[in-house]
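As structure tokens, the structure follows; a few thoughts come after it.
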Amino acid sequence: MIDQQQLYEIIKNNLPVGLTLVDKDGIIQDFNSQAEAITGYQKTEVIGKLHFEILHSPPYREACPLFAFALQKKQQTVEVESTIKKKNGESITITATVSPLFDKDKNFIGGIELFRDISQLKKLERERKNILPMFAHDMKNPVTTSAGFLSRLLSGKAGPLTEIQASYLQIIKDGLKKLEELIIDFLEFSRFEAKEYIPLKSACNLEDTLASQIETVRLEADKKDIRIFFEYPDIPIPVIDADCRMINRIISNLLDNALKYSNPGAMITFRLTEREKDVLVQIIDTGKGIPEEQLPYIFDAFHRFNRDTSGSGLGLSIAKTIVEAHGGKIWAESTHGKGSTFSFLLPK
Ligand code: ADP
Numbered sequence: 001m002i003d004q005q006q007l008y009e010i011i012k013n014n015l016p017v018g019l020t021l022v023d024k025d026g027i028i029q030d031f032n033s034q035a036e037a038i039t040g041y042q043k044t045e046v047i048g049k050l051h052f053e054i055l056h057s058p059p060y061r062e063a064c065p066l067f068a069f070a071l072q073k074k075q076q077t078v079e080v081e082s083t084i085k086k087k088n089g090e091s092i093t094i095t096a097t098v099s100p101l102f103d104k105d106k107n108f109i110g111g112i113e114l115f116r117d118i119s120q121l122k123k124l125e126r127e128r129k130n131i132l133p134m135f136a137h138d139m140k141n142p143v144t145t146s147a148g149f150l151s152r153l154l155s156g157k158a159g160p161l162t163e164i165q166a167s168y169l170q171i172i173k174d175g176l177k178k179l180e181e182l183i184i185d186f187l188e189f190s191r192f193e194a195k196e197y198i199p200l201k202s203a204c205n206l207e208d209t210l211a212s213q214i215e216t217v218r219l220e221a222d223k224k225d226i227r228i229f230f231e232y233p234d235i236p237i238p239v240i241d242a243d244c245r246m247i248n249r250i251i252s253n254l255l256d257n258a259l260k261y262s263n264p265g266a267m268i269t270f271r272l273t274e275r276e277k278d279v280l281v282q283i284i285d286t287g288k289g290i291p292e293e294q295l296p297y298i299f300d301a302f303h304r305f306n307r308d309t310s311g312s313g314l315g316l317s318i319a320k321t322i323v324e325a326h327g328g329k330i331w332a333e334s335t336h337g338k339g340s341t342f343s344f345l346l347p348k
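Under the working numbering, think of the first position of the sequence shown as 1, with each following residue one higher.
Right under this line is the structure:
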């Protein structure tokens with residue numbers, strides 16, 4: 001039979017993650033082989049030292065998950081990110097899983113941290129985030145140029161076309177338009193992902209913005225036999241301080257969806273309501289609706305469940321980023337088969 005102390009040593013030093021044990025004051029009591037490999041410190045160098053002081057830089061306690069959660073709040077937490085400083089001075093990102101420790105009489109005696117180095121993962125993530133917008137941008141240019149030349153061909157500027165040639169070119173043009181829309185969504189999303197979006201605010205008239213968006217899609221709506229209504233507020237809505245170009249983007253995304261996911265004969269209603277501190281914008285459709293189990297995920301990037309229509313699955317995720325960057329909130333209510341209401345709030 002293996003002795004308990006020996007068993008503890010074997011498990012501790014064979015763990016694939018770093019382990020640090022501290023007493024209730026945060027003084028290191030134990031440090032396994034993997035912790036030595038990650039930090040560059042030997043166990044003998046850290047035992048008896050304050051954990052946050054030796055490993056966190058700058059050495060303040062709240063930056064240390066072991067101190068902040070296990071010792072201070074006496075809470076367990078799983079995989080929180082933190083930065084530590086190795087013996088050679090290099091800063092690395094780790095994820096830490098921590099827990100307070102209690103003896104058999106429930107007396108608080110210290111804390112334990114299991115951690116792993118995720119610097120390499122973080123580096124790859126940064127590279128991926130930087131590559132995506134460049135890639136999308138390079139893809140957009142040839143598509144835009146091709147669409148321009150197709151329009152010229154179709155207008156007859158390069159010579160007369162037979163009816164069949166014109167109809168084929170029109171199909172190509174419609175396809176390119178869809179591709180361009182997908183790339184634009186992708187570009188916007190990857191830009192938001194690469195760096196935090198900060199709204200470029202100026203005076204924004206929501207009534208005008210909504211009215212002009214409705215006019216943009218009026219023709220398409222008529223073709224689909226979908227009626228669009230704008231319930232004008234009784235008292236004009238005050239002009240708000242917002243990134244108007246991006247608010248336009250949200251409304252255009254929501255309106256495109258309402259049209260895309262509605263059958264002929266459906267109705268789309270816009271409603272603007274002024275509230276004490278914010279303005280509520282609602283787009284109500286009598287379209288296909290969203291199954292209840294899908295509702296929690298529709299604002300997630302790339303989430304799509306309706307495969308009979310084309311789309312990037314990014315429109316709602318982009319809308320959410322924009323609304324939240326304005327300090328607002330966006331949500332959806334829906335009854336499958338009956339219709340959906342998308343609402344968002346913007347602070348006045
Ligand atoms: P996309 O429309 O490009 O797929 P979105 O992010 O705009 O991506 O929407 C995510 C998903 O939510 C859509 O694929 C669709 O299934 C659903 N959805 C969005 N708006 C509506 C709506 N008005 N009615 C029904 N389903 C909708």
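Ideal Cβ positions, reconstructed from N, Cα and C, are used throughout, including at glycine.
Taking Cβ positions, are residue i and residue j nearer each other than 9 Å?
i: Q76; j: V98; result: yes
i: G17; j: L114; result: The sequence as given places Val at residue 17; Gly does not occur at that position. Cβ atoms of V17 and L114: closer than 9 Å.
i: D174; j: G315; result: no
i: I118; j: T95; result: yes
i: D103; j: I112; result: no
i: Y197; j: T321; result: yes
i: S343; j: L272; result: no
i: F192; j: I84; result: no
i: I226; j: E274; result: no
i: S200; j: M134; result: The sequence given here has Leu at residue 200, not Ser. Their beta carbons are not under 9 Å apart, which means L200 does not touch M134 by this criterion.
i: L19; j: Q4; result: no
i: Q294; j: N248; result: no
i: K277; j: G337; result: no
i: L259; j: I268; result: yes
My assumption, with CB atoms under 8 Å, is that residue i sits in contact with residue j. Please give the rounded CB distance.
i: I298; j: T341; result: About 13 Å separates the two Cβ atoms, so there is no contact after all.
i: F270; j: L182; result: The Cβ separation is near 26 Å, so there is no contact.
i: I172; j: L150; result: 6 Å
i: K49; j: I27; result: 7 Å
i: A194; j: K129; result: 4 Å
Nearest CA to the CA of residue i: which residue from the options?
i: A332; options: E292, E163, F230, K49; result: E292
i: N32; options: G48, T83, N13; result: N13
i: D308; options: Y261, E276, G265, P296; result: Y261
i: I38; options: T162, T93, G289, P142; result: T93
i: N253; options: G313, K223, K43, R128; result: G313
i: D256; options: T216, D278, N130; result: T216
i: R116; options: K87, N130, V80; result: V80
i: I290; options: G339, K329, G159; result: G339
i: A70; options: D23, E220, G328; result: D23
i: A203; options: F229, I237, A258; result: I237
i: S82; options: L206, K74, R61, H137; result: R61
i: E180; options: K140, G159, L66, E127; result: K140
Where do the ends of the beta strand (DSSP E) carrying residue i lie?
i: V22; result: 18-23
i: T97; result: 91-102
i: L154; result: Careful: L154 lies outside any beta strand (DSSP E), inside the alpha helix (DSSP H) at 119-155.
i: T309; result: No beta strand (DSSP E) contains T309, which DSSP labels as neither H nor E.
i: L346; result: 339-347
i: T352; result: Given that the chain is displayed from residue 1 to residue 348, the structure contains no residue 352 and the question cannot be resolved.
i: K204; result: Checking the sequence shown, residue 204 turns out to be Cys, not Lys. Run containing C204: 202-204, per the beta strand (DSSP E) assignment.
i: K329; result: 329-335
What are the boundary residues of the alpha helix (DSSP H) that residue i is part of?
i: D185; result: 163-194
i: D3; result: D3 -> no alpha helix (DSSP H), and no H or E assigned at all.
i: F52; result: 51-55
i: E276; result: Looking at the DSSP string, E276 is not in any alpha helix (DSSP H), and its letter there is neither H nor E.
i: Q34; result: 33-39
i: D256; result: 244-260
Verify the contact flag: residue i, CB atom, against every heavy atom of the ligand ZN, threshold strictly below 8 Å.
i: T309; result: Ligands in the displayed structure: the ligand ADP; the ligand ZN is not one of them.
Taking only beta-carbon atoms, is residue i less than 9 Å away from chain B?
i: F302; result: Looking for chain B here will not work: only one protein chain is present.
Counting Cβ pairs, one atom from each stretch, are 3 or more of them under 8 Å apart for the segment 238-257 and the segment 329-348?
-> yes
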